[in-house]
Structure formats: structure tokens, C-alpha cells
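Reading through the C-alpha cells given below for one structure.
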Amino acid sequence: MAPVSTRISSAPRPLRAFGSNSTIERFAWMAGSLIVFGLFWQVLADILQNRYLPTPVAVFEIMLREARNGDLWKHTSATLWRVAVAFVISMFIGTAIGLALGRYKTADKFFDAWLILFLNLPALVTITLCYIWFGLNDTAAIAAVALNKIPNVAVNMREGTRSLSKDLSEMAVMYRFGRWKTLRHVTVPQLAPFLAAAARSGLSLVWKIVLVVEAFGRSNGVGYRLAIAFQEFDVGTILAYALTFILIVQLIEFAVLQPLQARVNAWRR
Amino acid sequence: MAPLNGAKADGTIRVSVKRKMFPAVGDREPQLVLRDVEFEVAPRSFLVITGPSGCGKSTLLNIIAGLDTDYEGAIDLGPAKDKMTFIFQTPRLLPWRTVYENIALVLPKGDPRHAGIPAMLERVGLGQAMNAYPEMLSLGMQRRAALARGFILEPEILLMDEPFVSLDDPTAASLRELLMELWHGHPTTVIFVTHDRSEAIQLGTRILRLAPGKASVAQDAIVTLTDAQRRDRAAVLAEQNRIFSS
Numbered sequence: 001m002a003p004v005s006t007r008i009s010s011a012p013r014p015l016r017a018f019g020s021n022s023t024i025e026r027f028a029w030m031a032g033s034l035i036v037f038g039l040f041w042q043v044l045a046d047i048l049q050n051r052y053l054p055t056p057v058a059v060f061e062i063m064l065r066e067a068r069n070g071d072l073w074k075h076t077s078a079t080l081w082r083v084a085v086a087f088v089i090s091m092f093i094g095t096a097i098g099l100a101l102g103r104y105k106t107a108d109k110f111f112d113a114w115l116i117l118f119l120n121l122p123a124l125v126t127i128t129l130c131y132i133w134f135g136l137n138d139t140a141a142i143a144a145v146a147l148n149k150i151p152n153v154a155v156n157m158r159e160g161t162r163s164l165s166k167d168l169s170e171m172a173v174m175y176r177f178g179r180w181k182t183l184r185h186v187t188v189p190q191l192a193p194f195l196a197a198a199a200r201s202g203l204s205l206v207w208k209i210v211l212v213v214e215a216f217g218r219s220n221g222v223g224y225r226l227a228i229a230f231q232e233f234d235v236g237t238i239l240a241y242a243l244t245f246i247l248i249v250q251l252i253e254f255a256v257l258q259p260l261q262a263r264v265n266a267w268r269r
Numbered sequence: 001m002a003p004l005n006g007a008k009a010d011g012t013i014r015v016s017v018k019r020k021m022f023p024a025v026g027d028r029e030p031q032l033v034l035r036d037v038e039f040e041v042a043p044r045s046f047l048v049i050t051g052p053s054g055c056g057k058s059t060l061l062n063i064i065a066g067l068d069t070d071y072e073g074a075i076d077l078g079p080a081k082d083k084m085t086f087i088f089q090t091p092r093l094l095p096w097r098t099v100y101e102n103i104a105l106v107l108p109k110g111d112p113r114h115a116g117i118p119a120m121l122e123r124v125g126l127g128q129a130m131n132a133y134p135e136m137l138s139l140g141m142q143r144r145a146a147l148a149r150g151f152i153l154e155p156e157i158l159l160m161d162e163p164f165v166s167l168d169d170p171t172a173a174s175l176r177e178l179l180m181e182l183w184h185g186h187p188t189t190v191i192f193v194t195h196d197r198s199e200a201i202q203l204g205t206r207i208l209r210l211a212p213g214k215a216s217v218a219q220d221a222i223v224t225l226t227d228a229q230r231r232d233r234a235a236v237l238a239e240q241n242r243i244f245s246s
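Residue numbers (this note's numbering), protein chains in the order written: chain A, 1 to 269; chain B, 1 to 246.
Structure representation (C-alpha cells):
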């Protein structure tokens, strides 16, 4: 007889995404294509010999210099902190709005126009307005980022809520699951793919907007540093900071979001 | 004889659906589905509601279960109303939980019946599959899991909506056998909906036939077969002819 777990939440199952051949293969493809990109860049820079297109090696040296004098960490950590706060706030509020709109038709009819309005409001408008109304501070900066991201999350979660299975909710009613059990075992697992999609697209959107917000009205962060570098036409520094941040976001994607997605999809055939 | 207050506490189920309409959708007119459907179900009997598709039998079952409250009439499930279980036409298992977890979830935390889950799964032939996810199993096995989920609760009222439809004959036959076995192990009041006449005769102690168009009960008959005769195809067929030709 197969072993039986006595608890509902059984021990974590081995993750499909790790250790399997397909992961290694995927990694090899990615590494290979990035190396080719680097080589192409190096050759192009060597041919053009233009001070506005530094070689990858030169960019890497600037990265090391900024890391040694502490600037790289100072600005990156400030940006990461803003990204984290804005991300959590917008996921939370966006999910709540999405659930409400998916559930109540009248609310959806009424707020749909608002949602479209906010979805199409350029990031630059929210950012400048937030700074003007709330002052040049972090609250305004994070509010501006969240306002850009919330409609996105809300639309995603609204679709998720609309697609909730009536069959399963009837089952939960007939088998007297109660509110908490229904939420945990019936509703959230159905919303998980929508949450994961919102989180992944959210992270990439949030960090791009955070940089703009920083360039506009903060005195630290990667965005601020890029604005300074722009004034000096210092392409090497711009690329060094951009690459650092891309690496960090990729790391989060690979180490956190993708394994999480594999975990919630473990039951699929 | 009924007591003075008119309510018997003996577990009899009383169904009285005066009128059930389907609202107009698009070009379709509002539609009368059920009218003056009234009957009682004796405790521990196996009532089969049958009739062609579209005659309102699933609607009637949903009304009895309390899933559909948009009707005129009254349902009295008696004192056992909190020990009612519904087995759906589709298995309706949670695909993201294993077979074992799906069954454990219907029991409250710390309920002593948790200890009986492995034995129940053995009984329905899913001993090897308890840690599998439902989508990895065949439809027949998913139906077995749904039966186990219903029976682990030891219900006093069991409502079943065509639970063996769209299975191949041997699988459906073995599941009917399993249902009879579980029912004999734990006799409950069963209301079973099916369009399959031979299935109705084989399982039921009483048949209620709904007729389309008429929107009400066309026939109410007692099945007089013994358990041994229910396994005999000829006896089932003879009873089927006797009941449905009258």
C-alpha cells in the first residue's frame, strides 16, 4: 500500500523544474544565446570604435568599479526596496479589486470605465501628478508606481474570478467546506495561474516604472544614477547599472517565480 | 398515524414542488419545468427518478439538495437534513489535491473517520491510487473516488445525479455493484437520477418517472426484485418491461 500522509498539506513534492534534463537544456540554450549576443556586441564595438558604444569588457570594468566604491549596492538596494514595496502593494490592492469586480456584476459595469481610464493613463502622467500632489518623497514615488500597476493586476484577477468553476463551488457547498476551506482549497488554487501571470508581468513592469520615478524625483536608486549618467552622456555607466538590474530581476524570475509556478502546477497532467 | 403537530421525526423526506420555471433566455420563452411534483421518500429506501433528458430530473434533484432555491413549493428533508451528501454527474474532484486529500477534505479536522479513509479507498479499488492527482486517473476511477468521498461521510440522505453516465458498460456495471455493496454496508435514503431504465430497475426499490411536456410525475412504481434477481439480466429486463410498459 502506498504511504499515506495524515495531513491535508502533504510534504512538498519534488519540483519538476529543478534537476531535470529539460532545465539543464533550457539553461544551456539561454547561456549559449547570451554568449553569442556578448560576442556580437564586442565585435560591433571593436569595429565602430565609438565612445558611445563601450565594449562589454569595459562595461564590466565599470560595474566592478561601482561595486567597489559602494555606489552599485547603494543605488540597487534603494531601487529593490521600492520595487518590493510597490509590487506587494499593487498585487494586494489589484487582487482585491479584481476579485470584487469578477464577483459583482454591477460593480464591474460601473468600474470598468475607470479601469480602462487607468490602464491607458501614461506612466509619466501619474508620476508627475503624484510628485506635484504629494511632494518629492518616497510615498509619492511608490504611489505612482502602484497606480500604474494596480489596473493591470485587477484586470488579470477579474478574468480569474470570472473563470471560477461553478461546479466546484457547488461541491464545496454540498460538502460543507465553509469559508476558509473553500478559499484555501477551491478558490486560491483556481486563481493561482492568474496570480502567477500577474506577478511575473508585474515585476517587469514595476521595476521599469520605478526607474522612471527615481530619475524624476529621487536622490538615490538606479533611476537617479542613470539620470546623472545621461547628463554626462556616460553610456558605460548606464549599461553597467542596467545590466546589474536585469541580472537581479532574472535571478528573482529563475529562483523564485518559476519554481513557484512549477509548484502550483504540479497536479497538471 | 401522524402525530398531532403533523411532523413525523422518522426521517421521511417530503418533496413538494408546485412550480419551477426556467427564465427566458434570449429568444426562448420562459419554460415550465416542473408542476405539482409531490412525493414522499421512506427512510432507507432507494428511489430512482427517471425519464428522458430534459424532463427536469436533475433540476428536481438540485431543488431537493438546496442548490436551486428559485421554485415554488417546499422540501422537508426531516431530521437528517444535515447528513445529506450529493454525488454529482461529473466527479467534481479538486484536480490540485490528491485522491486521499480530496476525501480527507470533506471531513472536519480531527474527525475519527479520517482513520477510515485508506480502508474506504481500498474498498472502492483505489488503494494504489490514493496519492495520485485526479487528472492522472481514468473517469471510472475518478467516479470511484467521488463515491468514496460521499460514503466516508456516512450520510443518511444520498443524492446522486447520473453518477455512472458516459462510462463503458463493464465499468458502469462494476460501479453499480460497488454502490449496492456500499449501500448494503450503510443503508441510507437514496434519491438517484438516471435516464437509463435498466440501471433504474437494477438499483432502485422504487421508480418515479417524469414525463417531458407533462412536467410532472407520470408513474410511481415499486420494484419487486430480490438482490439476487438484480444481478440477473433476464429478471431485470422482465421487471423493466412490466414497469415501463404499464
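We treat Cβ as the ideally placed atom computed from N, Cα and C, and that holds for glycine.
Report yes if the CB atom of residue i is closer than 9 Å to the CB atom of residue j, and no otherwise.
i: T161 of chain A; j: G98 of chain A; result: yes
i: S219 of chain A; j: I150 of chain A; result: no
i: L179 of chain B; j: T85 of chain B; result: no
i: A104 of chain B; j: V124 of chain B; result: no
i: E154 of chain B; j: R113 of chain B; result: yes
i: K109 of chain B; j: G73 of chain B; result: no
i: I13 of chain B; j: V41 of chain B; result: yes
i: I191 of chain B; j: L34 of chain B; result: no
i: R200 of chain A; j: L257 of chain A; result: yes
i: G221 of chain A; j: T79 of chain A; result: yes
i: L167 of chain B; j: P134 of chain B; result: no
i: S58 of chain B; j: R206 of chain B; result: no
i: R69 of chain A; j: L119 of chain A; result: The sequence given here has Asn at residue 69 of chain A, not Arg. No; because the gap between Cβ atoms is not below 9 Å, this pair is not in contact.
i: V48 of chain B; j: G204 of chain B; result: yes
i: M157 of chain A; j: L191 of chain A; result: yes
i: A113 of chain A; j: C130 of chain A; result: no
i: L101 of chain A; j: L117 of chain A; result: no
i: A58 of chain A; j: G236 of chain A; result: yes
i: L168 of chain A; j: R92 of chain B; result: yes
i: P163 of chain B; j: Q89 of chain B; result: yes
i: G94 of chain A; j: A198 of chain A; result: yes
i: H184 of chain B; j: V165 of chain B; result: no
i: F194 of chain A; j: E159 of chain A; result: yes
Might you give, ordered along the chain, the residues of its own chain that have their beta carbon closer than 7 Å to the beta carbon of residue i, omitting 5 neighbours on each side?
i: I209 of chain A; result: A123, V145, N148
i: Q202 of chain B; result: R176, R230, V236
i: Q261 of chain A; result: A196
i: A357 of chain A; result: Any property of residue 357 of chain A remains undetermined from this structure, which presents chain A solely from 1 to 269.
i: A84 of chain A; result: none
i: N5 of chain B; result: Unreliable placement is indicated for N5 of chain B, whose pLDDT of 44 sits below 50; the coordinate value is still reported in the next sentence. If we look at N5 of chain B and ignore the five residues flanking it on each side, it has no Cβ neighbours.
i: F244 of chain B; result: R197
Please name the residue, chosen from the options, that lies closest to residue i on a Cα-to-Cα basis.
i: L239 of chain A; options: A:R263, A:L136, A:V43, A:E61; result: A:E61
i: Q31 of chain B; options: B:F22, B:E38, B:F39, B:A173; result: B:F22
i: V17 of chain B; options: B:D27, B:I222, B:A65, B:H184; result: B:A65
i: S53 of chain B; options: B:E181, B:F39, B:V25, B:V193; result: B:V193
i: T23 of chain A; options: A:N265, A:P259, A:V249; result: A:P259
i: A115 of chain B; options: B:P170, B:N102, B:I152, B:A146; result: B:I152
i: W96 of chain B; options: A:D234, A:E232, A:T187, A:E253; result: A:T187
i: S198 of chain B; options: B:L182, B:H186, B:V223, B:V15; result: B:V223
i: F92 of chain A; options: A:A154, A:I252, A:T139; result: A:A154
Using C-beta distances below 8 Å, list every residue in its chain close to residue i, excluding the 5 sequence neighbours before and after it, in chain order.
i: A67 of chain A; result: W73
i: R103 of chain A; result: T161
i: L274 of chain A; result: Outside the modelled stretch of chain A, which goes from 1 to 269, sits residue 274 of chain A, for which no answer is possible.
i: W207 of chain A; result: T79, V83, F245, V249
With a CB to CB cut of under 6 Å and the five nearest residues on each side skipped, what residues in its chain are close to residue i?
i: M130 of chain B; result: V99, Y100, L121
i: P3 of chain A; result: Note on P3 of chain A: pLDDT 42, under 50, position unreliable in the model; the coordinate value appears next. None.
i: Q42 of chain A; result: T55, P56
i: E156 of chain B; result: A80, K83, T188
i: A96 of chain A; result: none
Subject >> Where the segment 52-68 of chain B meets chain A: residues whose CB sits under 9 Å from a CB there >> reply: Against chain A - using a Cβ distance shorter than 9 Å - the residues of the segment 52-68 of chain B are N62, A65, G66, L67.
Original post:
For the segment 117-136 of chain B, which residues have a CB atom closer than 7 Å to at least one CB atom of chain A, in sequence order?
Top reply: For the segment 117-136 of chain B, residues whose beta-carbon sits nearer than 7 Å to a beta-carbon of chain A comprise P118, G127, Q128, M130, N131, Y133, E135, M136.
Original post:
Using a Cβ cut-off of 9 Å, which residues of the segment 185-198 of chain A contact any Cβ in chain B, in chain order?
Top reply: Those would be H185, V186, P189, Q190, A192, in chain order.
Subject >> Residues within the segment 89-111 of chain B neighbouring chain A, beta-carbon criterion of under 8 Å >> reply: Going along the segment 89-111 of chain B in chain order, one finds T90, R92, L94, P95, W96, R97, T98, Y100, E101, A104, L105, V106 with a Cβ nearer than 8 Å to chain A.
Subject >> Under 7 Å (Cβ pairs) to chain A, residues found in the segment 187-214 of chain B >> reply: Listed by position, the residues of the segment 187-214 of chain B near chain A (Cβ gap below 7 Å) amount to none.
Original post:
Of all the residues that make up the segment 22-40 of chain B, which are near chain A by a beta-carbon distance shorter than 7 Å?
Top reply: Answer set for the segment 22-40 of chain B: empty.
**OP:** Scan the segment 150-170 of chain B for residues whose Cβ lies nearer than 7 Å to a Cβ of chain A and list them as they occur along the chain.
**Re:** Cβ contacts with chain A come from no residue of the segment 150-170 of chain B.
**OP:** Go through the segment 38-81 of chain B residue by residue and report every complete run of the beta strand (DSSP E) that reaches 3 residues or more, in order.
**Re:** Listed in chain order, the complete beta strand (DSSP E) runs (minimum 3 residues) inside the segment 38-81 of chain B are 46-50, 72-76.
Original post:
Going along the chain, which residues of the segment 90-109 of chain A sit with their C-beta nearer than 7 Å to a C-beta in chain B?
Top reply: Cβ contacts with chain B: none found.
**OP:** Pull out every residue of the segment 227-259 of chain A whose Cβ sits closer than 9 Å to any Cβ of chain B, in chain order.
**Re:** Taking 9 Å as the Cβ-Cβ cut-off against chain B, none of the residues of the segment 227-259 of chain A qualify.
**OP:** Tell me the start and end of each unbroken alpha helix (DSSP H) in the segment 175-202 of chain A that is at least 4 residues and wholly inside, in chain order.
**Re:** List check, alpha helix (DSSP H) in window: 178-182.
**OP:** Taking only beta carbons into account, state which residues of the segment 143-170 of chain A come closer than 7 Å to chain D, listed in chain order.
**Re:** Among the chains of the structure shown, chain D does not appear; the protein chains present are A and B.
**OP:** Tell me the start and end of each unbroken alpha helix (DSSP H) in the segment 122-146 of chain A that is at least 4 residues and wholly inside, in chain order.
**Re:** Listed in chain order, the complete alpha helix (DSSP H) runs (minimum 4 residues) inside the segment 122-146 of chain A are 123-134.
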